[in-house]
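To start, the structure itself, in structure tokens.
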Amino acid sequence: MEQGTVFDIKEFAVYDGPGVRTTVFMKGCPLRCQWCHNPEGLSPRPQLMVSTASCTHCGACRAACPHPDAPCDACGACISHCPLGLRRLAGKRWTSEALAARLLRDRDLYAQSGGGVTFSGGEPLMQWPFVRETLARLPGVHTAVETSGYASDAVFEEAMRAFSLVMLDVKLTDPERHRHFTGVDNAPILRHARMLAAGDTPFILRVPLIPGVNDCESHLAAVVELARGAARLVRVELLPYHQTAGAKYEMAGMAYRPEFDTAQPVQTHLDVFERAGVPVRVL
Amino acid sequence: MTERIRILREYQWARKHHAFRQDLQVDPSPYRAADMPDYARTARRLSLALSLERPVLLPGELIAGTRTVPALPGIYSDEEWARITATHFIHERGNVCNLSPDYASVIASGLLALRARLTDSPYHAAMRESIDAVLDLARRYREAALAAGDEALAQVLARVPAHGARTLREALQSLRLLHFAMWCEGDYHNTLGRLDQTLMPYLRRDLDAGTLTQDEAFELIEAFFLACNRDSDLYPGMQQGDNGQSVVLGGMTPDGADGYNLLSEMCLRASADLRLIDPKINLRVNRDTPLSVYELGTQLTKLGLGFPQYENDDVAIPGLMRLGYEERDARNYAMAACWEFIIPGRGMDIPNIGALSFAGVVDAAVRAGLRTASSVEDLLQDVERRIFADVRATLAGLKNLYIIPSPYMSLFFEGCLESQRDISLGCRYNNYGLHGTGLAPAADMLAAVQRTVFEEGLSPEELLRAMDDNFQGEGELRHHLQFDCPKMGNDDDAADGYAVRLLDMFSRAVEGLRNERGGCVRAGTGSAMFYIRHAQALGATADGREAGVPLPANYAPSLNVRLDGPVSLIRSFTKPDLVRAMNGGPLTIEFSDTVFKNDEAIEKVAQLVRLFVLRGGHQIQLNTVNRDQLLDAQRHPELHRNLIVRVWGWSGYFVELDKCYQDHIIRRVNLNV
Chain A
3 MEQGTVFDIK EFAVYDGPGV RTTVFMKGCP LRCQWCHNPE GLSPRPQLMV STASCTHCGA
63 CRAACPHPDA PCDACGACIS HCPLGLRRLA GKRWTSEALA ARLLRDRDLY AQSGGGVTFS
123 GGEPLMQWPF VRETLARLPG VHTAVETSGY ASDAVFEEAM RAFSLVMLDV KLTDPERHRH
183 FTGVDNAPIL RHARMLAAGD TPFILRVPLI PGVNDCESHL AAVVELARGA ARLVRVELLP
243 YHQTAGAKYE MAGMAYRPEF DTAQPVQTHL DVFERAGVPV RVL
Chain B
3 MTERIRILRE YQWARKHHAF RQDLQVDPSP YRAADMPDYA RTARRLSLAL SLERPVLLPG
63 ELIAGTRTVP ALPGIYSDEE WARITATHFI HERGNVCNLS PDYASVIASG LLALRARLTD
123 SPYHAAMRES IDAVLDLARR YREAALAAGD EALAQVLARV PAHGARTLRE ALQSLRLLHF
183 AMWCEGDYHN TLGRLDQTLM PYLRRDLDAG TLTQDEAFEL IEAFFLACNR DSDLYPGMQQ
243 GDNGQSVVLG GMTPDGADGY NLLSEMCLRA SADLRLIDPK INLRVNRDTP LSVYELGTQL
303 TKLGLGFPQY ENDDVAIPGL MRLGYEERDA RNYAMAACWE FIIPGRGMDI PNIGALSFAG
363 VVDAAVRAGL RTASSVEDLL QDVERRIFAD VRATLAGLKN LYIIPSPYMS LFFEGCLESQ
423 RDISLGCRYN NYGLHGTGLA PAADMLAAVQ RTVFEEGLSP EELLRAMDDN FQGEGELRHH
483 LQFDCPKMGN DDDAADGYAV RLLDMFSRAV EGLRNERGGC VRAGTGSAMF YIRHAQALGA
543 TADGREAGVP LPANYAPSLN VRLDGPVSLI RSFTKPDLVR AMNGGPLTIE FSDTVFKNDE
603 AIEKVAQLVR LFVLRGGHQI QLNTVNRDQL LDAQRHPELH RNLIVRVWGW SGYFVELDKC
663 YQDHIIRRVN LNV
């Protein structure tokens, strides 16, 4: 049986597809977007998360650490020593059977509300064999994926058949800028966007609107081009950047150093979509 | 809202009407004559209070009635009261409270019709004196309206409350004055009951006759709601805002029909439009209630009003019938000040006469028996004994109840006029209700003991010593108890199973008990203010809770636990058999206000409430809070005078609460989505 690494399971996900949903956050991502708000989803390995805001620096964690002078290997020995419970491990191994059982617990609510299960991350397609096997154990459940689209064509094609709804991020259409801000080539992503437009799986194109990076008319016009005429396009969703995106970096022991001005207001350019008759929603 | 309502709302918001309040030192001797029976004193005091009222018409007034006289001294001198309390059990303040008067009948008949049925007996004389005082107040208000040139209001006051109302406006004006006088009688937590059922016949008639548009009706409803917010700072309660002005919308009628009507919807919309703490909305639902009704309710939740509170007819009606309420009465239930189920016009129940501390009995059983227990089952046997003993001891302490009579309030209750028996002495239903505080922490304690002592081999001595030391130097153990052990609220039978059994014990413990009035005893899941008191009586507990940490309010998870989310929460809290917890007490869920950043969330939160109802939950209430805003309100109360929060069974203004209640709200587990 396949196993996968999950860093969170969120009940009552309100913004991850239709109805009331449970969202599974898969750990590990090939992209390094500068605006990523789930830094603990980047590495495929389990890692320690520490809430620092209410830490009193009592030192109990350090006293409990078996190797205080080496880099943290996420052994978790310190967790139970924190009197305030501020430490936890992000990243738990699940079998597909156990995960499916956990998700099926809420099938009454999915049915009642027209909801279901959403796989997000990280990049869920990075652990595709595990995700595929889990999906096979969820018969009759509406399933959705939030993906960067950065996967092999074969995997993406399989995913299009396996999910009830695909939500694909289109971050930047310019190849160089995409590589600069996310670390990877966007050719497979744009190719997969066209596969969706030509295919028969319902899909949503999502644009995280980053101030000064892609909240310009030309990018959104390129998104319109990808969306226009696609038979199964549900809509385009715009997700304006929030300044809270950096909140978890310190918890994960990482630095948040985006090159863009995080305080700058985001432009939505809804008129671009309206003119083209492409349905759009701001989340 | 119309311009008229907007102006009136602003006016009240600035508390300009407080300027009309009279600074009176009233001599109580006219109603404290030694030879006057208690009911006659009440009537004389009411008569005096109303005669001192100066009619006040606010700008744009549609529904008149503004208090200008603060409460008069009571009917007893301190010495008399000391003599009475020495030999009687006194509930709270000693007055009639927390009832659902039958307004519908009195609005329909008018007070004169009741007056015509009175004889020359002394008790009837007291009723007559009360009626005449109310009618005289209405007369003076009418004169003020005429003097102000408000012909329409004068005509309404010429008709009601003396005669039966014919129109929605007359019905609302009648209700306003009838309700107004109850407070002046000394009665408190005077609920407003099934407002949509009471008023719908009048609205229907007006609409059918074409004499009123829906917009005009809406304005009248808003004017009435505004009137409910006018004097509430003069009403007695545990805290500002705890005034009992609850209304109940929707739900089954006594005949078994669905009572949700146009007025139910108008009331929900008016409440969302005005954003005031009164009246506090209860919404009765069942498994067939359409999602759109929940969505309308969720619009109020989104505003942070702390209501509606939902009641599930599918659970409440059979639950009440199981306690002996007749089917028509069970179907006609209304809510007391917080969440207690009461019967309009027939119930003299005292639903908050005492409380069981689940957390207290389980903690006592753990401390007394853990060293010798061979399993949690041994502890549970002791817990059961303690619950039975606690309930019996509470009931034994409730002997020789005395309540100050209320002949005016008695006019609204079946049979009181004919039998000349005051409502304070009882009515068709005379049941007592006990709250049940801290069910979740109690279940968590047992789950933690099971896990650590009986599964992992922790020595009982070590656990008990750590508890005695308030976990000083035992940080790791405390962490383990608090964060690794099963908690109620995470859909984990290892904790929830104990909650099921504890509530079952409570409901069996009260079964068959009779109070001195012949009524039964009802078990509930509410806390009222006991969540503060019961926590103060506890040291550190086996669930890892340190001494001084409060218990959760009502039916809610422990404070400071990690929760998986609202779906697990609902699954956990619908496992106990809530049909047998018919004293009420809602599951309370706190949401961060970020949940509602767009409209899609309305439908989804509505689905969550519906899940609770479909799974057999009895009552649920959702709060929307912004913790930063609450903290800022503590620092700068002057900037947050309008900030509304839910406290235990009612909504009030945050800055008017005592700090311990403010702090509790800030500490409640708050779900981000």
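Heads up: the sequence lines are chains A and B, in that order.
Position in the first sequence (first residue = 1) + 2 = my numbering.
Position in the second sequence (first residue = 1) + 2 = my numbering.
Where is the CB? At the ideal position from N, CA and C, for every residue including glycine.
- As the crow flies, the alpha-carbon of B/L505 is around 28 angstroms from that of B/A468.
- Of the other Cβ atoms in all chains shown, 16 or more fall within 10 Å of the Cβ of B/A272; this residue is therefore buried.
- Distance from the CA of B/S31 to the CA of B/D80, rounded to the nearest whole angstrom, comes to 13 angstroms.
- The C-beta distance from B/G586 to B/H620 rounds to 7 angstroms, short enough to fall under 8 angstroms.
- Among the bridge pairs identified by DSSP, B/E81 is matched with none.
- Counting every other CB atom within 10 Å of its CB across the protein chains shown gives B/E458 a total below 16, marking it as exposed.
- Closest in alpha carbon position to B/F415, among B/Y125, B/I425, B/R17, B/A555, is B/I425.
- If you draw a straight line from the Cα of B/T590 to the Cα of B/F575, it is about 10 angstroms long.
- B/S107 carries a helical assignment under DSSP once its states are collapsed to helix, strand and coil.
- Segment contact: the segment 427-439 of chain B against the segment 517-524 of chain B, three or more CB-CB distances shorter than 8 angstroms; contact assigned.
- B/G491 is the residue among B/N562, B/G491, B/R547, B/A537 whose C-alpha sits nearest the C-alpha of A/E13.
- Membership of A/E261 in any alpha helix (DSSP H) is not indicated, and neither H nor E is assigned to it by DSSP.
- Contacts with chain B at 7 angstroms (Cβ-Cβ) include A/L111.
- Note that the C-beta distance between A/M51 and A/M256 is not below 7 angstroms.
- Here the alpha carbons of B/L419 and B/L170 stand approximately 27 angstroms from one another.
- Nothing from the segment 150-176 of chain A brings a Cβ to less than 9 angstroms from some Cβ of chain B.
- Our two residues, B/N517 and B/I405, have alpha carbons roughly 15 angstroms apart in a direct line.
- With a threshold of 16 other beta carbon atoms within 10 Å, A/P267 falls short and is exposed.
- Looking only at A/P204, A/H244, A/D263, the smallest Cα-Cα distance to A/R237 is reached by A/P204.
- Taking a contact to require three or more Cβ pairs closer than 8 angstroms, the segment 84-92 of chain B and the segment 396-405 of chain B qualify as touching.
- Beta-bridge partners assigned by DSSP to B/A336: B/I344.
- Interface flag for B/V569 against chain A is set, since a Cβ pair is found closer than 7 angstroms.
- Going by C-alpha positions, B/D29 is about 15 angstroms away from B/E55.
- Cβ contact annotation for B/M254 (same chain, cutoff 7 angstroms, sequence separation greater than five): D260, G261, D315, I319, R333, in chain order.
- Taking 8 angstroms as the upper bound on Cβ-Cβ separation, chain A lies near residues G477, E478, R480, H481, H482, Q484, F485, D486 of the segment 470-486 of chain B.
- Taking a cut-off of 8 angstroms on C-beta distances, the segment 347-363 of chain B touches the segment 531-547 of chain B, as three or more cross pairs fall below it.
- Taking 7 angstroms as the threshold, the shortest C-beta distance from A/D108 to chain B falls below it.
- Closest option to B/L322, judged by alpha-carbon separation, among B/N231, B/R480, B/G417, B/G349: B/G349.
- Taking 7 angstroms as the Cβ-Cβ cut-off, the segment 81-94 of chain A approaches chain B at S82, H83, C84, P85, G87, given in chain order.
- Annotation for B/D40: I77, I406, P407 place their beta carbon closer than 7 angstroms to its own, counting only its chain and skipping 5 residues before and after.
- Annotation for A/W130: the continuous alpha helix (DSSP H) segment containing it runs 130-138.
- The alpha-carbon separation between B/R206 and B/R6 amounts to approximately 24 angstroms.
- Annotation: B/E55 has no Cβ neighbours in chain A at a cutoff of 9 angstroms; minimum Cβ distance is about 51 angstroms.
- B/I646 and B/G308 do touch by the CB rule: their CB atoms are close to 6 angstroms apart, below 8 angstroms.
- Close to B/D566, with beta-carbon spacing below 8 angstroms, are these residues of chain A in chain order: I11, E13.
- A check of alpha carbon separations from B/Y143 across B/T121, B/E131, B/L179 identifies B/L179 as the nearest.
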